[in-house]
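Undergrad: Numbering (the working numbering), first residue to last: 1093 to 1231.
No residue lacks a Cβ here, since even glycine has one placed at the ideal position from N, Cα and C.
Nothing here was measured: the structure is a model prediction, and the numbers come from that model.
The following block contains the structure, expressed as structure tokens.
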Ligand code: UDP
Ligand code: MG
């Protein structure tokens, strides 16, 4: 099976709690290769652009404020069936509903501060990866 790519971002609750290393370890142990990675702090403008797709949802304003409240660690990841397998590894959006052993079950604080992002399609993985990384930053 061909390898493909997904995009992820460790969110401010998890970076702030010192869980960056533990989460990266889980990602690598699950067989994902890190293609690109950095640490950054989004402005409200950039967080708003990244989540533009959720603009009409009631939590948009809070989501943008939260995502610009601290450090994030965006990454492009590679694996067979990357998008679907990564969504399995992170678990449901609401950590109370996330399967035991998933990243959100272990590290998320709430439905909004839920530790980590994972792309929902191959198409969005490309768009989201391009938002953070140039072609020269991918190995
Ligand atoms: N979110 C929120 N309240 C909700 C649903 C989602 O604050 O009721 C936030 C949460 O941080 C989530 C993000 O908005 O990760 C994007 O929502 P989506 O439905 O795409 O969930 P995901 O794909 O991240 O599981
Ligand atoms: Mg989503």
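1. Is it right to say residue 1105 is buried, meaning 16 or more other beta carbons lie within 10 angstroms of its own, or is it exposed?
2. Between which two residues does the alpha helix (DSSP H) containing residue 1138 stretch?
3. Taking Cβ to Cβ, would you say residue 1127 is nearer than 8 Å to residue 1164?
4. Note down the Cα distance separating residue 1125 from residue 1114, rounded to an integer number of angstroms.
5. Determine whether the beta carbon atoms of residue 1159 and residue 1139 lie at a separation below 8 Å.
6. Have a look at residue 1221 and residue 1151 and give me their C-alpha separation to the nearest angstrom.
7. Got a sec? Which residues, its chain only, sit under 6 Å from residue 1231 by beta carbon, not counting five neighbours each side?
8. Below 8 Å on the Cβ atoms is my guess for residue 1174 versus residue 1098; work out the distance and round it to an integer in Å.
9. Given a cut-off of 8 Å on the beta-carbon distance, is the pair residue 1208 and residue 1103 in contact?
10. Is residue 1231 helix, strand or coil by DSSP?
11. Sorted by chain position, which residues of the same chain lie with C-beta nearer than 6 Å to residue 1136's C-beta, five sequence neighbours on each side aside?
12. Do residue 1202 and residue 1187 have their C-beta atoms within less than 8 Å of each other?
13. I want to check one thing, is the minimum distance from the CB of residue 1186 to the heavy atoms of ligand 2 below 7 Å?
14. Here's the rule I'm using: 16 or more other beta-carbon atoms within 10 Å means buried, otherwise exposed. How should residue 1213 be labelled?
TA: Straight from the coordinates:
1. Position 13 of the chain shown, counting from 1, holds the residue named residue 1105. By the 10 Å Cβ count, residue 1105 comes out buried.
2. As a first step, residue 1138 must be located in the chain shown, where it is residue number 46. That run of the alpha helix (DSSP H) goes 1136-1142.
3. Here the question's residue 1127 lines up with position 35 in the chain shown. Here the question's residue 1164 lines up with position 72 in the chain shown. Not in contact: residue 1127 and residue 1164 (Cβ atoms no closer than 8 Å).
4. Along the chain shown, one-based indexing puts residue 1125 at 33. Along the chain shown, one-based indexing puts residue 1114 at 22. One C-alpha to the other measures close to 16 Å.
5. Along the chain shown, one-based indexing puts residue 1159 at 67. Along the chain shown, one-based indexing puts residue 1139 at 47. Yes, the pair counts as a contact, with Cβ atoms nearer than the cut-off.
6. The residue you call residue 1221 lines up with position 129 of the chain shown. The residue you call residue 1151 lines up with position 59 of the chain shown. Near 23 Å, if we compare the C-alpha coordinates of residue 1151 and residue 1221.
7. Position 139 of the chain shown holds residue 1231. Answer for residue 1231: no residue qualifies.
8. As a first step, residue 1174 is located in the chain shown; it is residue number 82 there, counting from the start. As a first step, residue 1098 is located in the chain shown; it is residue number 6 there, counting from the start. The Cβ separation is near 4 Å, so the contact holds.
9. Translated into positions along the chain shown, residue 1208 becomes position 116. Translated into positions along the chain shown, residue 1103 becomes position 11. Yes, Cβ-Cβ distance for residue 1208 and residue 1103 is below 8 Å.
10. Numbered from 1 along the chain shown, position 139 holds the residue referred to as residue 1231. Residue 1231 falls in the coil class under three-state DSSP.
11. Along the chain shown, read from residue 1 onward, the residue named residue 1136 stands at position 44. Correct list, in chain order: 1156 and 1160.
12. Stepping through the chain shown from its first residue, residue 1202 is reached at position 110. Stepping through the chain shown from its first residue, residue 1187 is reached at position 95. Yes.
13. For the purposes of this step, residue 1186 is identified with residue 94 of the chain shown, where counting begins at 1. Residue 1186 Cβ: outside cutoff for every heavy atom of ligand 2.
14. Counting from 1 along the chain shown, the entry for residue 1213 is found at position 121. The residue is exposed, with fewer than 16 neighbouring Cβ atoms inside 10 Å.
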